[in-house]
Amino acid sequence: MVDVVLTKQRIEPSETDRLREWCTEIRERETEALATLRDEGMREEAAFVESDDEGDYLVYFMKADDIDAVYEAFEESDHAIDEAHKAVMRDVLVSGENVAEYELLYHLTTSK
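Numbered by the UniProt record's numbering, the letters in the sequence shown go through residues 1 to 112 in order.
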């Protein structure tokens, strides 16, 4: 069975634009980003910004055969883009706050 994960974490006040700039850079470095996803065992990844009266949040969608293996591979990665990603996330996300994870009720896909 495939792991499908959705998470949400608060963005530091005034750091949303920096996060958007980093995500633009990821899109510009797509070949490199896709190579790291393949190395980690990630099938799909998408990032969104959610905004409400409390602030902005980074929402991640991930799909992998084994999400725990993906997390471990990411932490051990020596890809330059992964090192940069870790640094940006440390700066733009509120530290010490729990990441919200959502209960998967179902996931349908037409692709294999």
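Heads up, the beta-carbon is just placed ideally off N, CA and C, and yes, glycines get one too. Please read all numbers here as calculations on a predicted model, not as lab measurements.
Between the C-alpha atoms of tyrosine 57 and alanine 87, what's the straight-line distance to the nearest angstrom?
17 Å
Looking only at DSSP bridge pairs, what is phenylalanine 48 linked to?
Val59
Who does threonine 7 pair with in a DSSP beta bridge?
Tyr60, Glu101
Tyrosine 71 lies in the alpha helix (DSSP H); which residues open and close that run?
67-76
Check each candidate in Ile67, Val59, Glu54 and name the one with the smallest Cα separation from methionine 1.
Ile67
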